[in-house]
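Scroll down for the structure; my scribbles are underneath it.
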Amino acid sequence: MNAMQTSVERARTAGPGPCPTIATARLTLRPHRMSDADAIAQSLADFQVSRMLARVPAPYDRQDAAEWLGVATTDLNDGWAFAITAGDDVHIGCVSFERRRKGWEIGYWLNRFYWRRGYMSEAVHAAIARFLMRMPGTEIHSGIFADNLASLRVQEKAGFRITGCSEVFSVARAAMVPHLETLLQPGDFRPAMPRQ
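Counting in the numbering used here, the sequence shown runs from 149 upward without gaps.
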């Protein structure tokens, strides 16, 4: 490492550190455990969920979840992968940050039975706020399939903007799907409004 690197450059190179636990008004975001495999498999076996994710196969089973957890729960993952839980510590979704070719990228999904309650916005806002505390000045990339407008609203509430469009292969759909590229630039993050 070059001795002239600033502490911000070193932090960007090193990653955000260990995945923390975050409590919000209704949720707990915590590091994943191997015991989450059954709940993950149940959620992602639902094609309504997996079809909105680029790299998730369909069908999805417990072995797929165990293989993913084998990386997500070790030091091989230099990002964060939060399990979303709602009071009973049962896994209902995921928010993750991983280093990809463009830089840091956020991805997320939620069990379909928890949709339309504002949980995803609550989880994404909390995760981004903590990530930016650890990695100030970092751009966060993401994207959504063009037919996933609910996910686009989650991102827009946080301050993401659309930067382009392309086609991305969806493993679950086994097809190229129109995809909107999104970006949260430093200083554009909009913290969540307190729940009434």
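Even for Gly, the Cβ is constructed at its ideal location relative to N, Cα and C.
With the cut-off set at 8 Å, would you say residue i and residue j are in Cβ contact?
{"i": "A274", "j": "L177", "result": "yes"}
{"i": "M182", "j": "F293", "result": "no"}
{"i": "H239", "j": "D194", "result": "no"}
{"i": "S198", "j": "A206", "result": "yes"}
{"i": "W252", "j": "T222", "result": "no"}
{"i": "G266", "j": "S191", "result": "no"}
{"i": "H180", "j": "A234", "result": "no"}
{"i": "G307", "j": "F337", "result": "yes"}
{"i": "R249", "j": "G227", "result": "no"}
{"i": "P164", "j": "F245", "result": "yes"}
{"i": "L280", "j": "M268", "result": "no"}
For residue i, which residues in the same chain have their Cβ closer than 8 Å to its Cβ, ignoring the five residues on either side in sequence?
{"i": "T311", "result": "E329, T330 and L331"}
{"i": "I276", "result": "I254, I288, A306, L332 and F337"}
With a threshold of 6 Å on Cβ separation, who are the neighbours of residue i within its own chain once the five nearest residues in sequence on each side are excluded?
{"i": "I170", "result": "L177, A274 and R278"}
{"i": "L300", "result": "I292"}
{"i": "N150", "result": "Because the pLDDT at N150 is just 46, under 50, the model does not fix this residue reliably, and the value given afterwards should be weighed accordingly. Cβ within range, chain order: n/a, list empty."}
Only counting the same chain, and skipping five residues up and downstream in sequence, which positions put a Cβ closer than 7 Å to that of residue i?
{"i": "R203", "result": "V319"}
{"i": "R309", "result": "T330 and L331"}
{"i": "P168", "result": "R278"}
{"i": "L175", "result": "I232, T233, A234, Y267, E270 and A271"}
Assuming residue i contacts residue j under a Cβ cut-off of 8 Å, what Cβ separation, rounded to an integer in Å, is found between them?
{"i": "A189", "j": "A213", "result": "4 Å"}
{"i": "S290", "j": "Q303", "result": "6 Å"}
**OP:** Report yes or no: do three or more beta-carbon pairs, one from the stretch 255-272 and one from the stretch 212-223, lie closer than 8 Å?
**Re:** Pairwise C-beta distances place the stretch 255-272 out of contact with the stretch 212-223, as fewer than three of them are shorter than 8 Å.
Original post:
Which whole runs of the beta strand (DSSP E) in the stretch 245-288 are 3 residues long or more, in chain order?
Top reply: Listed in chain order, they are 251-258.
Original post:
In chain order, which continuous runs of the beta strand (DSSP E) of length 3 or greater are located wholly inside the stretch 171-205?
Top reply: Fully enclosed beta strand (DSSP E) runs of 3 or longer: 176-179.
Original post:
Where are the alpha helix (DSSP H) runs, 4 residues long or more, that stay fully inside the stretch 206-232, in chain order?
Top reply: Within the stretch 206-232, the runs of alpha helix (DSSP H) that reach at least 4 residues and sit entirely inside it are, in chain order, 210-220.
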